[in-house]
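Trainee: The sequence shown maps to residues 795 to 1088 in my numbering. Beta carbons: idealized from backbone N, C-alpha and C, even for Gly. Remember, predicted model here, so these are calculated numbers, not experimental data. If you scroll down you'll find the structure; I have some questions about it.
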Amino acid sequence: MRTRSLLCLILILNLFPVYGQQKDSLVFATASWTTTTYHAGGIRLKQCAFTDKELFHSNQFVSVLEIHPSFCFDIVADSVLVLTSEFVDYAHALAGINGSFFTWDAPWMSYNYLRIQGKELAPNKTSKDGLRSFRQSACVGVDEKGKLFIVPVPSVSMERRDRDNWEKQAKARDLMSSGPLLRYKGEDADILDQAFNTRRHPRSAIGIGKNGKVFMVVVDGRHEQAEGVSIKELQDIMRWLHAEDALNLDGGGSSTLCVRKRQSHAVGVINHPSDNKKFDNKGERRVANAIIVK
């Protein structure tokens, strides 16, 4: 009898995470999203403030740009750090999101492998043992037709002193490593139990749906109105958006989403970057690269 009661208790406890995920999924799907369309309906902005600790037992502010498959993309970079909105503006682009991780002591200030217009600009910055980081475990690329794709780095390259040999062989006009990978071919990727992944921060992600639709996603953070998410929670969001493939980008104060409402209009920041410690759109951080929509 005692054994049966213990088994029942274990079963009930195991069901709690499942129930929580189902509840969060329902909250996300039935939320009152504000939707705005731009550029003949080809770019759609969806935003929602989740209050009263209703999503992941926390307050959240989520911004999603849904981009029709007919649009083209570029990865852009500079040898100095630049605001994401400036990257979009200088390229006369329609929208954009901050790119991958940066560091001050690397070519083009890029912590990650970077290729633009077929030219290699920066290698993966690796640790002393020569192994690449889990933040270099996948790539976002652009082909010759301007179409976006996401692909994981093979496990054999992650486990040996590969640095960027795999990227050098990858066929793409533009290519940038980042990580961790969130989803691939409709399945969730494994997430390492590391502080970077488990703690809540502002997050940026790029995703691609089965029909070719591209998702640029920013979850704000570091504010009582927007607490940020873990990588697992970001993975949940990309799944709920029906992204077949999805990749985490640089987050924290770098997380920035921009759109040009009309071709003749100025570029506007549409999330709440956290570098100024205020809940407004003025706190952009300068970054090394960005992904833009043309």
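Between Val-856, Lys-817 and Ile-1086, which has its C-alpha nearest Ser-826's C-alpha?
Mentor: Ranking the options by Cα distance to Ser-826, first place goes to Val-856.
Trainee: Mind checking which residues open and close the beta strand (DSSP E) that includes Leu-1028?
Mentor: No beta strand (DSSP E) contains Leu-1028, which is instead part of the alpha helix (DSSP H) from 1025–1034.
Trainee: Start and end of the beta strand (DSSP E) containing Asp-1105?
Mentor: No statement about residue 1105 is possible, as the shown extent of the chain runs from 795 to 1088 and does not include it.
Trainee: Just the Cα atoms here: how many angstroms apart are Gly-973 and Trp-902?
Mentor: Those two C-alpha atoms are separated by around 19 Å.
Trainee: Ignore the nearest five residues each way along the sequence and tell me which others in Ser-819's own chain have a CB closer than 8 Å to its CB.
Mentor: Hits under 8 Å: Asp-1030 and Trp-1034.
Trainee: When the Cα of Arg-955 is compared with those of Ala-964, Lys-979 and Ser-927, which residue comes out closest?
Mentor: The option with the nearest alpha carbon to Arg-955 is Ser-927.
Trainee: For Met-903, list the residues DSSP reports as bridge partners.
Mentor: Paired residue(s): none; Met-903 is not in a bridge.
Trainee: Cβ atoms of Thr-878 and Cys-1052: under 7 Å apart, would you say?
Mentor: A contact, by the Cβ cut-off of 7 Å.
Trainee: Scan the stretch 902–934 and note each continuous beta strand (DSSP E) run of 3 residues or more that stays entirely inside, going in chain order.
Mentor: The stretch 902–934 contains these whole beta strand (DSSP E) runs: 908–910 and 913–916.
Trainee: Beta-carbon separation of Gly-893 and Asn-1083 under 7 Å?
Mentor: Cβ distance < 7 Å, so Gly-893 and Asn-1083 count as in contact.
Trainee: To the nearest whole angstrom, what separates the beta carbons of Val-936 and Ile-944, a pair I think is in contact under 8 Å?
Mentor: Actually they do not touch by this definition, with Cβ atoms about 11 Å apart.
Trainee: On a Cα-Cα basis, can you pick out the residue from Ala-1037, Gly-1015, Ala-1040 and Gly-924 that is closest to Gly-1077?
Mentor: Among Ala-1037, Gly-1015, Ala-1040 and Gly-924, the Cα nearest to that of Gly-1077 belongs to Gly-1015.
Trainee: Between Lys-840 and the rest of its own chain, which residues show a CB-CB distance below 6 Å, the 5 nearest in sequence each way excluded?
Mentor: Closer than 6 Å at the Cβ level, and outside the excluded window around Lys-840, lie Trp-827, Thr-829 and Val-858.
Trainee: Can the beta-carbon of Asn-1042 be found less than 7 Å from the beta-carbon of Ala-999?
Mentor: A contact, by the Cβ cut-off of 7 Å.
Trainee: Ile-910 to Ala-964, Cα distance in whole Å?
Mentor: Roughly 13 Å separates the two Cα atoms.
Trainee: Do Ile-891 and Ile-1085 come within 7 Å of each other at the CB atom, strictly closer than that value?
Mentor: Contact: yes.
Trainee: Using 10 angstroms around the beta-carbon of Ala-1060, count the other beta-carbons present and answer buried if the total reaches 16, otherwise exposed.
Mentor: Its Cβ having fewer than 16 others within 10 Å, Ala-1060 is exposed.
Trainee: In terms of residues, what are the limits of the beta strand (DSSP E) holding Ala-989?
Mentor: Looking at the DSSP string, Ala-989 is not in any beta strand (DSSP E); the run it does join, the alpha helix (DSSP H), is 989–992.
Trainee: Kindly identify the DSSP beta-bridge partner or partners of His-995.
Mentor: Answer by DSSP bridge pairing, in chain order: Val-1023.
Trainee: Please list, in chain order, all residues of the same chain as Glu-938 whose beta carbon is under 6 Å from its beta carbon, the five residues on each side excluded.
Mentor: Excluding positions up to five away in sequence, the list reads Arg-967.
Trainee: Spatial neighbours of Leu-801 within its chain, please: C-beta separation below 6 Å, excluding the five flanking residues on both sides.
Mentor: Because the pLDDT at Leu-801 is just 49, under 50, the model does not fix this residue reliably, and the point stays unresolved.
Trainee: Should Arg-1056 and Leu-875 be called a contact, given that it needs their Cβ atoms to be closer than 7 Å?
Mentor: No, Cβ-Cβ distance for Arg-1056 and Leu-875 is not below 7 Å.
Trainee: At 4 residues or longer, what runs of the alpha helix (DSSP H) sit wholly inside the stretch 811–856?
Mentor: Whole alpha helix (DSSP H) segments, 4+ residues: zero.
Trainee: Go ahead and label Arg-994 buried or exposed: buried means 16 or more other beta carbons lie within 10 angstroms of its beta carbon, across all protein chains shown.
Mentor: With 16 or more Cβ atoms within 10 Å of its Cβ, Arg-994 is classed as buried.
Trainee: Can you name the start and end residues of the beta strand (DSSP E) that Ser-873 belongs to?
Mentor: Its beta strand (DSSP E) spans residues 867–877.
Trainee: Is Phe-895 helix, strand or coil when you go by DSSP?
Mentor: The answer is coil: DSSP assigns Phe-895 none of H, G, I, E or B.
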